[in-house]
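Remarks on the structure that follows.
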Amino acid sequence: MAHRASTRYFSTALHFYQNRQLELYASKEAKRLTLRQLVFFGRSMSEERLIKSANYVRTELPVRIAHRLRDLQRLPYIVVTQEGVAKVYELYWSAFEKFRQYPPITTLAENEKFCEFLHTLLHEHSPVIPNLSLGLSLSSPYLSPDDLDAFMRRMLVSRISRRVLAEHHIALSENFAGRGQETSGEPHVGIIFTGLNIKRSVEHCAKLLAEGPLSMAHSSGRCPNVLVDGHTDTAFAYIREHLEYIIFELLKNSMHATSLKHKDAVTLPPVQVTIVAGDHDVGIRISDQGGGLRDEYNRPVRASDIFSFSHVRNAGRLDDSRLGALRNASKSDQGVRGTVGEQVGRWQKANGDDGDDLSINPVEVLHPRIGIGLPMSYIFATYFGGTLDLVSLDGWGTDVYLRLPKLGTNLEGIEV
Ligand code: COI
1 MAHRASTRYF STALHFYQNR QLELYASKEA KRLTLRQLVF FGRSMSEERL
51 IKSANYVRTE LPVRIAHRLR DLQRLPYIVV TQEGVAKVYE LYWSAFEKFR
101 QYPPITTLAE NEKFCEFLHT LLHEHSPVIP NLSLGLSLSS PYLSPDDLDA
151 FMRRMLVSRI SRRVLAEHHI ALSENFAGRG QETSGEPHVG IIFTGLNIKR
201 SVEHCAKLLA EGPLSMAHSS GRCPNVLVDG HTDTAFAYIR EHLEYIIFEL
251 LKNSMHATSL KHKDAVTLPP VQVTIVAGDH DVGIRISDQG GGLRDEYNRP
301 VRASDIFSFS HVRNAGRLDD SRLGALRNAS KSDQGVRGTV GEQVGRWQKA
351 NGDDGDDLSI NPVEVLHPRI GIGLPMSYIF ATYFGGTLDL VSLDGWGTDV
401 YLRLPKLGTN LEGIEV
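Reminder that position 52 of the sequence shown reads as 52 in the working numbering, one-by-one numbering, no gaps.
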């Protein structure tokens, strides 16, 4: 009895202590960065700077996680009990505790260990998005659309920011040690490509959708050509993974809509991509003739509602087939991120390298139809101050306008 009582006392005390720690971290402001700062800091790397970077990540990530843990704690109880939400809460608590207790990094050998630690966490957190999306879809009837969308935006922006910091530090450390990711010889500092050629990224994504193991031809038999015009030699400093995530999703939607709308036509109208280099930003317009934006029930859908996670604005959010796909994705440890190239590599490995098993549709495997491609693209686009707008000409097609800042001087979104 005495033992039981003391255990209870202990766990209550521990709980209060942990919450006090959470309050302490959540009361600190995130130290937001610009893309330019990430590049400048990483450009002339030395042992001392690398260790400084490690300790910045070590102390910054728990602050950012603490803000989101507080957000989760403020949700109505019914939301926290939904499938998926508790899993995310536990992952974040555990990561918060690990970071909080991580000792300062003082040597390169300690930094190696720290990078392994980050690697493990990045992997463990890969099912966060489908879990969160499942839990919050199920909660949609209990939250106002504004509250739901603001909460999801904070969760996702913050997650992108944490992964950027962790992945950038790992890449800087690997480069410093003379190892590094496959970059096809393109100049880069950490995960930021300093001369990222937009046309090349568009063509890379179009090729994967047309003929790679991700081929759309596997699912629909045909896919439209993608033509690129405008300032086709435009290059700027950006995170390639973010740019290619957005372009891949937008092209996939355009190509899919075009092949559906013109399924009986002899030739498919092309998807036209126009690149424009402005003084402050780069613009990318993707125009298709896929009939305009439609929801799962083939009803025209307002462009402003397509990014919403609420069923009030976007009826398909509570669609059974989507919830089923989310349940599957939330169990897989693959998650839904990584560069398109990395995902293809992973998929090929998992499927015997040749990627020719037609019984599996790779587009669905890698980018399962869980309805987060467009909202995620929107969040990636706006993370460093860009914009993403969709204009639908119902019955004809859709124009998407993506603008990304060219100078890298915008701070990360305030939600980090
Ligand atoms: C996430 O992916 O949600 C993270 O917070 C990753 C970070 C712990 C490295």
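Every residue gets a Cβ at the ideal spot worked out from N, C-alpha and C, and that includes glycine.
Looking at TYR378, GLN101, GLU60 and LEU243, the one whose alpha-carbon comes closest to that of ALA303 is TYR378. Taking each of ARG20, PHE41 and VAL63 in turn and checking the Cα distance to GLU29, the smallest one comes out for VAL63. The C-beta distance from PHE236 to LYS406 rounds to 5 Å, short enough to meet the 8 Å contact threshold. Distances taken from the Cβ of HIS125 to the heavy atoms of the ligand COI include one shorter than 7 Å. In the three-state DSSP reduction, ILE246 falls in the helix class (H, G or I).
With distances taken between CA atoms, LEU24 lies nearest to LEU69 out of ILE51, LEU69 and GLU47. Counting along the chain, the unbroken alpha helix (DSSP H) around ASN131 starts and ends at 128-139. By the criterion of a C-beta distance shorter than 6 Å, ASN197 is surrounded in its chain by ALA235, once the five residues flanking it on both sides are discounted.
In terms of side-chain proximity, the C-beta atom of LEU293 is found no nearer than 7 Å to any non-hydrogen atom of the ligand COI. In the structure shown, VAL85 falls within a helical segment according to DSSP collapsed to helix, strand and coil. Beyond the five residues adjoining it in sequence on each side, GLY292 comes within less than 7 Å, by CB distance, of PRO300, SER392, LEU393, ASP394, GLY395, TRP396, GLY397 and THR398 in the same chain, given in chain order.
In this structure the stretch 91-102 lies against the stretch 114-129, because at least three pairs of beta carbons, one per stretch, are closer than 8 Å. Annotation: the continuous alpha helix (DSSP H) that includes ILE78 extends over 77-80.
For SER392, no alpha helix (DSSP H) run applies; the uninterrupted beta strand (DSSP E) run containing it begins and ends at 387-393, by DSSP. Segment contact: the stretch 80-92 against the stretch 49-63, fewer than three CB-CB distances shorter than 8 Å; contact not assigned. Within 7 Å of the C-beta of LEU22 there is not a single heavy atom belonging to the ligand COI.
Note that the C-beta distance between TYR245 and PHE380 is below 8 Å. In this structure, ARG36 is the residue among LYS261, ARG36 and ASN131 with its C-alpha nearest to the C-alpha of LEU411.
In this structure, ALA303 has its beta carbon at no less than 7 Å from each heavy atom of the ligand COI.
Relative to the ligand COI, ALA86 has its C-beta separated by 7 Å or more from all heavy atoms. Taking 7 Å as the cut-off, the C-beta of ILE306 does not count as close to any heavy atom of the ligand COI. Listed as beta-bridge partners of LEU227 by DSSP are GLN272. Between the stretch 184-191 and the stretch 36-51 there are three or more C-beta pairs closer than 8 Å, enough to call the two in contact. Taking a contact as a CB-CB distance under 8 Å, the pair CYS223 and LEU209 counts as one, their CB atoms being some 6 Å apart.
Taking 8 Å as the cut-off, the Cβ atoms of LEU148 and PHE309 count as close.
Residue range 281-287 is occupied by the beta strand (DSSP E) that includes ASP281, with no alpha helix (DSSP H) assigned at that position.
For ASP71, the enclosing alpha helix (DSSP H) has its first and last residue at 47-73. Taken through DSSP and simplified to helix, strand or coil, HIS119 comes out as helix. Non-local beta-carbon contacts of SER287 in its own chain, meaning distances under 6 Å to residues more than five positions away in sequence, involve GLN272 and ASP399 in chain order.
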